[in-house]
Amino acid sequence: MSSDGSVVDTVGSLLANIANSIQDASRILMFADKRAWGSPEFEQLRLLEETLDEAKRDFQELPSLVNGRFYYENDRKADSLDELRELRNRFEEHSQNLKYWVRAGGPIETEWAAETRWLRRELHRAQCRAVRRIHDDLEGSSSRCLGALIVWRSQQRQEFHPSQPPSHPSPPQPQRQQHSQRMATAMPTIPSSEPNSMPSGEIAACNSTGAFQRLGSGNQDIAFVCDFCDGFIVWEDLRSMPSTRQRPATSPESIIENWAATGFTHPRTHSHSNKYPSISGSDSDVELEEGSSNLKFGATPGQTTARGLGPKTELESEEKTIIFPPVAIANHLPPDLGEWQAPLLCPLCDEYYYEEQGSDDMDRVRWTQDERGFESVALLQEHFEWTHASLIPSLANVAPKSSGCEVM
């Protein structure tokens, strides 16, 4: 409350208002006469309950990314408050519509379920953006997007937890449990929206920080939309998103060095095309999953499947080398004001050092790359192929295999 007695909005107070609106609508539907209900009415009640559960989960878990709930609840940044005020009004209107429908009776409006899904998605994104703004103030403007840091930290944990091939013998069960307990106490962790998400690694981290969707004329591109910065990371002319690298990561260094994955061109055709970037979710049918059980995307190089494609279309696809999605997502920056694509940093240049003459001896100096990074995935891949060409299997095999120089 301000000095003149008026109530001052905060992130916490606005989220409480939104939660009350959702709870009121759920309570009215829960105690309504359900004898004439069909599946749409029960679906509407289920969506409201899931929306409230996700909002509570975000409110409990996201503040730990910015030093606790105190910063988050009392935040009064104008952008965050404006977004939440608009959502509060939308949720109040949505709740009133459901109250009037219960009093009037009759079949429920089918578009209300779609509106609930949209409001749920926007509420999640608004909370992520509010946390990211607090993080930017605490860490400064030179850091990666908070969503990128979540994926990057999951990759750092994988460096200390390398997966063992199934063919290799595993240590005895007691020793393995003791080892995992020691590592769990030694390694820092970040919260996740799913329990026991640590073994899932970078794939789960990508899915928790944003969503994949079709994009471009004829839906020929695939884009990742970050929930924390609204930045788009676009892979052009890609039919399916691979879920594995060309070469599996077997060491801490290879997690960064093995950036390449095998994709396929000629995506399936839709009856519509999404020419302009959107976060409404109309084309958000792209999911990234781990393991060979992924039915939407090729889990192994050289093989891919997608809904609505026949064997003939499979044969017409062409393989192409792309940047493995978690590598790009873990190194993106928030887009500049007025832009929609997220710039990308090179993780290999971050780890590059060179030597120069010092006062007494050679000094090891860290390489400094452009702080704004590369404008697109295509430009970053071009940088990889020209600057770090030895890390690409297809280019490394081009070199002659003779033992010596023919001229000498």
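Just so we're aligned, residue 1 is where the sequence shown starts under UniProt numbering, counting upward by one. Ideal placement from N, C-alpha and C gives every residue a C-beta, glycine not left out. Quantities reported herein were computed from a predicted structural model and do not represent experimental measurements.
Pull up the distance between the alpha-carbon of residue i and that of residue j, whole angstroms please.
i, j, result
"R125", "K56", "14 Å"
"K320", "N331", "21 Å"
"A130", "F324", "28 Å"
"T244", "G106", "50 Å"
"R153", "R117", "30 Å"
"S13", "E73", "7 Å"
"P326", "E202", "6 Å"
"W340", "L333", "11 Å"
"I134", "Q127", "11 Å"
"S376", "G38", "48 Å"
"E41", "Q246", "47 Å"
"R90", "I18", "9 Å"
"G308", "L238", "Its pLDDT being 38, under 50, G308 is placed unreliably in this model, and the value from its coordinates should be taken loosely. One C-alpha to the other measures close to 16 Å."
"V7", "V66", "25 Å"
"Q220", "R214", "7 Å"
"F232", "A114", "24 Å"
"E385", "G147", "26 Å"
"W235", "I222", "5 Å"
"I108", "L48", "14 Å"
"G383", "F374", "According to the sequence provided, residue 383 is His. The question's Gly does not apply to it. The alpha-carbon atoms of H383 and F374 are separated by roughly 9 Å."
"Q303", "P63", "Its pLDDT being 34, under 50, Q303 is placed unreliably in this model, and the coordinates cannot settle the point."
"R372", "C346", "11 Å"
"T265", "A211", "20 Å"
"L123", "L84", "8 Å"
"W101", "A204", "39 Å"
"S95", "A261", "46 Å"
"residue 451", "R121", "Absent from the structure is residue 451, since the part of the chain shown begins at 1 and ends at 408."
"P248", "E257", "10 Å"
"C206", "V151", "6 Å"
"R46", "R27", "12 Å"
"A306", "V225", "Caution applies to A306, whose pLDDT of 36 falls short of 50 and renders its modelled position unreliable; the model cannot decide the point."
"H388", "P242", "21 Å"
"G68", "L138", "12 Å"
"D82", "E318", "46 Å"
"E50", "D230", "23 Å"
"S208", "A32", "35 Å"
"S158", "L119", "Residue identity differs from the one stated: residue 158 is Gln in this sequence, not Ser. If you take the alpha carbons of Q158 and L119, they lie about 34 Å apart."
"E86", "A36", "34 Å"
"G216", "R132", "28 Å"
"P335", "T110", "36 Å"
"Q88", "K77", "It should be pointed out that residue 88 corresponds to Arg in this sequence rather than to Gln. In a straight line, the C-alpha of R88 is about 16 Å away from that of K77."
"E54", "E61", "10 Å"
Would you list the one or two residues that DSSP bridges to residue i?
i, result
"K320", "G263"
"H332", "L344"
"S240", "F264"
Taking the beta strand (DSSP E) that residue i falls in, what are its first and last residues?
i, result
"D221", "221-226"
"F374", "Neither: F374 is in no beta strand (DSSP E) and is coded neither H nor E."
"F232", "232-235"
At which residues does the alpha helix (DSSP H) containing residue i begin and terminate?
i, result
"G201", "201-209"
"G216", "Premise fails: G216 is in no alpha helix (DSSP H) and is neither H nor E."
"A19", "11-30"
"residue 445", "The displayed coordinates of the chain run from 1 to 408. Any statement about residue 445 would go beyond what the structure contains."
"E73", "69-73"
Our contact map puts residue i next to residue j with C-beta atoms below 8 Å; I'd like the distance itself, whole angstroms only.
i, j, result
"F70", "L15", "Actually they do not touch by this definition, with Cβ atoms about 14 Å apart."
"T10", "D79", "Incorrect: roughly 14 Å between the Cβ atoms, too far for contact."
"L29", "L98", "6 Å"
"C349", "F228", "Actually they do not touch by this definition, with Cβ atoms about 23 Å apart."
"S112", "Q44", "The sequence given here places Trp at residue 112; Ser does not occur at that position. Between Q44 and W112 the Cβ distance is about 6 Å, and since that is below 8 Å, they are a contact."
"I329", "G263", "Contact doesn't hold; Cβ gap of about 15 Å is too wide."
"E92", "S143", "Incorrect: roughly 36 Å between the Cβ atoms, too far for contact."
"L380", "L344", "5 Å"
| field | alpha helix (DSSP H) segments (min. 4 residues) lying fully within the stretch 86-156 | value | Runs of the alpha helix (DSSP H) inside the stretch 86-156: 111-139.
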